């Protein structure tokens, strides 16, 4: 690839075939609203991320760069034009006069061009087009990963919001317990020392609320970074909630879908094609190009025309090294494609196992543990307020209820994230 690789395609094919960054074509997005949104759904977040994420926008420009390389690869060599005057006598300048220019000076003009042989231009264009295809798939793979990152960030906002609501509810409920027991102290039904122990526990709920408020601010900032800070208000309201919907999937069917849909695997296959086109180009570079030239010379009264042709004798350099390297690159790209295939299958298996585990945990909470934790708290509060229960039992029931509710919300978040992870592994939306 002497002429092509020296202008940057050597780096392109090395990155495409050896590292194999996986990709696909950019998708058309809907127009954006004129004003920042104050309410955001997950679908809105996906749309905005694909339209406004600056890192993705920068990567999409690599497609235009690749298409510009196609234009360069398809160009024909320029025609060379030459003109000259010879016969000057610098040591006898007095002889340079009108007669000298009319009868002594020699005038020459020539037109030459390079005739490429071996189908070089067609092979250059084919290689450039294969590179554009791989670059396009790389961008689509970046979109796939951005969708997952956006879904993960949006779920993080939902979890932070739900945790904040839980913290507010817990603080309110415990504040009611403190108020009731303050009345019991006044009435002489509760020792002041026991009341202080209850009152001090309120600090934990207040700390939980502060932590939840900070977590929500940070989660929203992370999401706004992906969708564009100027597209969403700082204190936007997420639309949706943590939820669990039972579904059934077949692992082998998911693997088949992933092998068809994953853009990184498609890019790996395109890398094999690009490597093969590179080899064809290197083989065509063995052919010696011919330079053809048509000359005209005028000396005195004589006019002379000439035809010249020039080409290299392939005695030493027959492009052996680049051909051998391209052959190795083809084998390397084939191994990379196989590795990408195994990676797809592994990703699907891991994501499927994670989804199954997350669903199992959610079902455990929903099978009765949530109700049991609430009933235990209600009973402990009722018994303690009537002087029949211990303070330790009350505080333990409060802690158990808080931990159970928080664990359930985290389990729902993990489940929804596992769904997004499964979509990422398959390469398309298999779960809404």
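Numbering (our numbering), first residue to last: 17 to 448. Positions of the beta carbon are idealized from the N, C-alpha and C atoms, including for glycine. What you are looking at is a predicted structure, and each value in this text was computed from that prediction instead of being measured.
List the DSSP bridge partners of residue i.
i	result
residue 260	Looking at the DSSP assignment, residue 260 forms no beta bridge with any residue, so it has no partner.
residue 311	126 and 322
residue 327	306
residue 131	306
At the level of alpha carbons, what is the spacing between residue i and residue j?
i	j	result
residue 337	residue 364	41 angstroms
residue 286	residue 156	13 angstroms
residue 164	residue 441	10 angstroms
residue 30	residue 361	Unreliable placement is indicated for residue 30, whose pLDDT of 40 sits below 50; the coordinate value is still reported in the next sentence. Rounded to whole angstroms, residue 30 to residue 361 spans 25 angstroms at the Cα level.
residue 236	residue 88	45 angstroms
residue 429	residue 173	10 angstroms
residue 219	residue 422	18 angstroms
residue 262	residue 228	29 angstroms
residue 45	residue 68	Its pLDDT being 40, under 50, residue 45 is placed unreliably by the model, and the measurement read from it follows with that caveat. So the two alpha carbons sit approximately 10 angstroms from each other.
residue 417	residue 391	9 angstroms
residue 358	residue 66	28 angstroms
residue 265	residue 153	27 angstroms
residue 28	residue 328	Bear in mind that the predicted position of residue 28 carries a pLDDT of just 37, short of 50, making it unreliable; the figure below should be weighed with that in mind. Residue 28 and residue 328: Cα-Cα distance of roughly 29 angstroms.
residue 202	residue 215	15 angstroms
residue 134	residue 162	43 angstroms
residue 62	residue 269	26 angstroms
residue 73	residue 283	19 angstroms
residue 342	residue 313	46 angstroms
residue 131	residue 310	14 angstroms
residue 97	residue 346	41 angstroms
residue 106	residue 93	37 angstroms
residue 396	residue 254	35 angstroms
residue 371	residue 171	15 angstroms
residue 59	residue 209	54 angstroms
residue 101	residue 340	47 angstroms
residue 40	residue 277	Confidence is the limiting factor: at residue 40 the pLDDT is only 37, short of 50, which leaves the residue's position unreliable, though a coordinate-based value still follows. Those two C-alpha atoms are separated by around 10 angstroms.
residue 434	residue 296	44 angstroms
residue 116	residue 79	60 angstroms
residue 443	residue 51	32 angstroms
residue 352	residue 275	15 angstroms
residue 260	residue 53	27 angstroms
residue 175	residue 242	18 angstroms
residue 248	residue 178	20 angstroms
residue 35	residue 374	Reliability of the predicted coordinates at residue 35 is poor, the pLDDT of 39 falling under 50, and the value obtained from them is presented with this limitation in mind. Approximately 33 angstroms, taken between the alpha carbons.
residue 205	residue 246	58 angstroms
residue 394	residue 182	16 angstroms
residue 127	residue 149	38 angstroms
residue 23	residue 436	In this predicted model, residue 23 has a pLDDT of only 36, less than 50, meaning its place in the structure is not dependable; the value taken from the coordinates is given anyway. Cα to Cα, residue 23 sits roughly 41 angstroms from residue 436.
residue 420	residue 192	20 angstroms
residue 415	residue 211	17 angstroms
residue 42	residue 289	Its pLDDT being 37, under 50, residue 42 is placed unreliably by the model, and nothing is read from it.
residue 230	residue 348	49 angstroms
residue 18	residue 160	With a pLDDT of only 36 at residue 18, under 50, the local geometry of the prediction cannot be trusted, and no value is derived from it.
residue 71	residue 234	20 angstroms
residue 32	residue 389	With a pLDDT of only 38 at residue 32, under the threshold of 50, the placement of this residue in the model should not be trusted; the figure read from the coordinates follows. Whole-angstrom Cα-Cα distance: 55 angstroms.
residue 136	residue 301	7 angstroms
residue 412	residue 217	11 angstroms
Report back the beta-carbon spacing between residue i and residue j to the nearest angstrom; my notes put them in contact at under 8 angstroms.
i	j	result
residue 293	residue 90	At roughly 14 angstroms, the Cβ-Cβ gap does not stay under 8 angstroms, so residue 293 and residue 90 are not in contact.
residue 280	residue 356	6 angstroms
residue 151	residue 95	About 32 angstroms separates the two Cβ atoms, so there is no contact after all.
residue 180	residue 258	No, residue 180 and residue 258 are not in contact; Cβ-Cβ is about 12 angstroms, not under 8 angstroms.
residue 55	residue 252	6 angstroms
residue 256	residue 57	6 angstroms
residue 307	residue 322	Not a contact, Cβ separation roughly 14 angstroms.
residue 298	residue 238	Actually they are not in contact, since the Cβ atoms of residue 298 and residue 238 sit about 47 angstroms apart, beyond 8 angstroms.
residue 400	residue 386	Not quite, the Cβ-Cβ distance comes to about 22 angstroms (not below 8 angstroms), so this is no contact.
residue 122	residue 103	5 angstroms
Does at least one heavy atom of the ligand FAD sit under 8 angstroms from the Cβ of residue i?
i	result
residue 148	Because no ligand of any kind appears in the structure shown, any question about the ligand FAD cannot be addressed here.
Note down, one range per segment and in chain order, each alpha helix (DSSP H) of at least 4 residues found wholly within the segment 50–123. Listed in chain order, the complete alpha helix (DSSP H) runs (minimum 4 residues) inside the segment 50–123 are 58–68 and 70–89.
Is it a yes or a no for the segment 73–89 touching the segment 132–148, going by three-plus beta-carbon pairs under 8 angstroms? Judged by Cβ distances under 8 angstroms, the segment 73–89 makes contact with the segment 132–148, as three or more pairs qualify.
Is there contact here, the segment 160–177 with the segment 194–204, by at least three beta-carbon pairs under 8 angstroms? No contact exists between the segment 160–177 and the segment 194–204.
Would you check if the segment 430–447 and the segment 398–418 touch, i.e. whether three or more CB-CB distances between them fall below 8 angstroms? They do not touch, by the three-pair rule.
Three Cβ pairs or more, each shorter than 8 angstroms: is that satisfied between the segment 214–224 and the segment 178–190? For the pair of segments examined, the segment 214–224 was found to touch the segment 178–190: the number of CB pairs separated by less than 8 angstroms reaches three.
Counting only runs that start and end within the segment 219–304, where is the beta strand (DSSP E) found for 3 or more residues in a row? Note on the segment 219–304: whole beta strand (DSSP E) runs with a minimum of 3 residues are 248–254, in chain order.
Counting Cβ pairs closer than 8 angstroms, one from the segment 413–427 and one from the segment 376–389, do we hit at least three? Short answer: they touch.
Jot down the residue ranges of each uninterrupted alpha helix (DSSP H) in the segment 124–210, minimum 4 residues, whole runs only, in chain order. You should have 136–203.
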